Amino acid sequence: MNDHDYSVDTLAIRAGGLRSPFNEHSEALFATVSFVHESAEMAAKRFTGEEPGYIYSRFTNPTVDMFERRLAAMEGADAAIATSTGMAAISTLAMTLCSAGDHIVTSGSVFGSTLNVFGAPVMGKFGVTCEVVNSTGLDAWAKAIRPGTKLVFLETPSNPMADVFDIAAIAEMARKVGATFAVDNCFCTPVLQRPLALGADVVIHSASKHLDGQGRVMGGAIVGTKEMCRERVYNFLRTTGASLAPFNAWVILKGMETLPIRMRAHSENALALAEWLAAHPKVANVNYPFLASHPSVALAKRQQSGGGAVLSFNVKGGKTEAWKVVDAVKIMSITGNLGDVKTTITHPATTTHGRMTQAARDAAGIGDALIRVAVGLEAQDDLRDDLARGLAQI
Ligand SMILES: *Cc1c(COP(=O)(O)O)cnc(C)c1O
4 MNDHDYSVDT LAIRAGGLRS PFNEHSEALF ATVSFVHESA EMAAKRFTGE
54 EPGYIYSRFT NPTVDMFERR LAAMEGADAA IATSTGMAAI STLAMTLCSA
104 GDHIVTSGSV FGSTLNVFGA PVMGKFGVTC EVVNSTGLDA WAKAIRPGTK
154 LVFLETPSNP MADVFDIAAI AEMARKVGAT FAVDNCFCTP VLQRPLALGA
204 DVVIHSASKH LDGQGRVMGG AIVGTKEMCR ERVYNFLRTT GASLAPFNAW
254 VILKGMETLP IRMRAHSENA LALAEWLAAH PKVANVNYPF LASHPSVALA
304 KRQQSGGGAV LSFNVKGGKT EAWKVVDAVK IMSITGNLGD VKTTITHPAT
354 TTHGRMTQAA RDAAGIGDAL IRVAVGLEAQ DDLRDDLARG LAQI
């Protein structure tokens with residue numbers, strides 16, 4: 004099957020399958036630590052790489068392979084490497100690419116742990132410096148990306164403010180200085196956005212979110228060229244060990260079969276809720292990439308085929324009013340996770356972004372009146388009613 008001939012809907016179900024001699028129809032879970040060789044010679048050849056074959060599941064495993072092949076096909080890439088979590092993917096990429104004296108440029112509105120990996124707590128300990136860009140403006144990116152920059156990293160749309168970054172323009176800046184440009188595509192998935200086609204070199208995933216889609220298992224992936232994944236990243240990962248467990252790979256692989264229909268349904272539900280909130284008298288403003296009022300709606304519609312699941316909004320008032328809305332929900336789960344069929348609601352200033360300084364939160368626009376909703380697949384009317392109850396108390 005030549006993957007380029009098929010749409011993402013077909014690839015989600017058909018790409019990457021490997022059938023064992025038993026001819027099972029559903030993809031098999033290979034729960035095994037090691038693989039047996041038929042002779043001393045075969046073992047020797049497999050260990051040197053002279054002959055292909057599975058050796059040990061920290062290196063490769065057929066179920067994990069199927070997940071990697073399917074995700075690579077959907078992102079339009081040659082290869083992918085699975086990791087134990089999304090953070091393992093990000094830290095593995097940074098450690099694979101960077102040596103002491105190198106420089107990372109990252110968006111400030113990335114997942115909080117990502118900033119810790121790139122900054123003083125992790126990469127900083129090994130002599131890597133990191134510059135944080137707190138803007139979607141191309142001038143700010145052009146100023147930060149310089150010779151010596153090894154990795155340029157961003158998430159678009161961002162969390163929780165739904166800022167949209169111009170992937171193609173930033174890719175061009177990274178290319179000029181020879182930096183690897185990685186996009187965390189966790190919010191859109193390849194169903195809504197394909198960063199590699201827009202010029203990115205690497206796509207990062209937390210498979211714990213939409214790829215699984217039902218909040219069951221942790222996982223992650225690095226997607227890119229064969230050279231990047233199968234040589235550079237693979238050689239680092241097989242030694243350092245943040246590999247994906249076969250069981251988790253199997254759950255995610257099967258979850259991906261419904262990813263296209265889920266992502267479109269998430270986007271439809273989120274847009275409907277965003278539009279309703281934007282017209283609500285107790286709501287000050289709504290951040291969602293596909294809302295007509297979003298400052299980068301045109302760019303978002305060029306890069307993405309749907310707005311995704313995540314929106315945020317400011318209630319009129321402050322923390323007390325925002326907490327009233329959160330505390331009044333009966334369906335939505337008060338939890339920081341996202342990318343689940345269950346809708347989740349959070350107050351970022353006191354939870355996910357609570358450890359930031361007040362000044363940093365202000366710079367990022369994450370005020371006390373802000374609420375984030377990762378919209379799931381429950382009925383639109385029920386989700387509206389769930390928020391209307393608390394908004395009526397303001
Ligand atoms: C959750 C998340 C991560 C980290 O993934 P884990 O699987 O929790 O390690 C990275 N990036 C984004 C955008 C995320 O939402």
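Those letters in the sequence shown? Residues 4 to 397, by the working numbering.
Backbone N, C-alpha and C define an ideal beta-carbon position, used for all residues, glycine too.
From a predicted model like this one, the values you see are computed outputs, not experimental measurements.
Exercise for the section: Identify, in the order they occur along the chain, each residue of the same chain with its Cβ nearer than 8 Å to the Cβ of A103, setting aside the five sequence neighbours on each side. Expected result: F129, G130, V131
Exercise for the section: Please find out if some non-hydrogen atom of ligand 1 comes closer than 7 Å to the beta-carbon of E271. Expected result: no
Problem - For W279 and F239, the rounded distance between their alpha carbons - result: 48 Å
Problem - Bridge partner(s) assigned by DSSP for C133 - result: I107
Practice task
Grab me the residues of T243's own chain with a C-beta within less than 8 Å of its C-beta, minus the 5 sequence neighbours each way, in chain order.
Solution key: T95, M98
Handout entry: For T349, the first and last residue of its enclosing beta strand (DSSP E)
Key = 347-349
Problem - CA nearest to the CA of K333, picked from K322, L390, I374, L373 - result: L390
Exercise for the section: Consult DSSP for D68 and reduce its assignment to one of helix, strand or coil. Expected result: helix
Handout entry: Residue span of the beta strand (DSSP E) that contains K285, given as start and end
Key = Unbroken run through K285: none, as it is neither H nor E.
Problem - Rounded C-alpha distance that separates G310 from A303 - result: 8 Å
Problem - Classification of F405 by the beta-carbon crowding that lies within 10 angstroms, buried from 16 upward - result: The chain is shown only over 4 to 397; residue 405 falls outside these bounds and no answer can be derived.
Handout entry: the region 308-328 in contact with the region 283-298 per 3-pair CB rule at 8 Å
Key = yes
Exercise for the section: Consider the C-beta atom of S209 and the heavy atoms of ligand 1; say whether any pair is separated by less than 7 Å. Expected result: yes
Exercise for the section: May I ask you to check if the CB of N290 is nearer than 7 Å to at least one heavy atom of ligand 1? Expected result: no
Practice task
Between the Cα of H7 and those of P55, A123, M77, V39, spot the shortest distance and give me the residue it belongs to.
Solution key: M77
Practice task
Starting from the C-beta of H106, find all residues in its chain whose C-beta is less than 6 Å away, skip the five residues before and the five after it, and write them out in chain order.
Solution key: T132, G151, T152
Practice task
Let me know if D142 comes out buried or exposed under the rule of 16 or more other beta-carbons within 10 Å of its beta-carbon.
Solution key: exposed
Exercise for the section: Along the beta strand (DSSP E) that carries F317, what are the first and last residues, could you check? Expected result: Rather than Phe, the amino acid found at residue 317 in this sequence is Asn. N317 -> beta strand (DSSP E) spans 313-318.
Exercise for the section: Apply the 10 Å Cβ neighbour rule to T63 and answer buried if 16 or more other Cβ atoms are within range, or exposed otherwise. Expected result: buried
Handout entry: DSSP state of A377 mapped onto helix, strand, coil
Key = strand
Exercise for the section: Return yes when the C-beta of T349 is under 7 Å from any heavy atom of ligand 1, and no when it is not. Expected result: no
Practice task
For C189, verify whether its CB is less than 7 Å away from any heavy atom of ligand 1.
Solution key: yes
Problem - Expected contact under 8 Å - CB spacing of I170 and G140 to nearest Å - result: About 15 Å; that fails the 8 Å criterion.
Exercise for the section: Determine the DSSP secondary structure at Y9, reduced to helix, strand or coil. Expected result: coil
Handout entry: Cut-off 8 Å between Cβ atoms - residues of its own chain near H40, not counting five sequence neighbours on either side
Key = A46, R49, G56
Problem - Cβ contact check for the region 185-199 and the region 261-268: 3 or more pairs under 8 Å - result: yes
Problem - C-alpha gap between N26 and A172, whole angstroms - result: 47 Å
Exercise for the section: Please classify D330: is it buried, with 16 or more other beta-carbons within 10 angstroms of its beta-carbon, or exposed? Expected result: exposed
Problem - Inter-residue CB distance, S112 and D187 (contact presumed, cutoff 8 Å) - result: Actually they do not touch by this definition, with Cβ atoms about 11 Å apart.
Exercise for the section: Report all residues from its chain with a CB closer than 7 Å to the CB of G321; omit the five preceding and five following residues, and keep chain order. Expected result: D371, A372
Exercise for the section: Compute the beta-carbon to beta-carbon distance between S60 and P249, rounded to the nearest angstrom, for a pair I have assumed lies under 8 Å. Expected result: 6 Å
Problem - L21 to K257 span [Cα, whole Å] - result: 13 Å
Practice task
Within its chain, find whatever has a CB closer than 6 Å to the CB of Y9; leave out the 5 residues flanking it on each side and keep chain order.
Solution key: none
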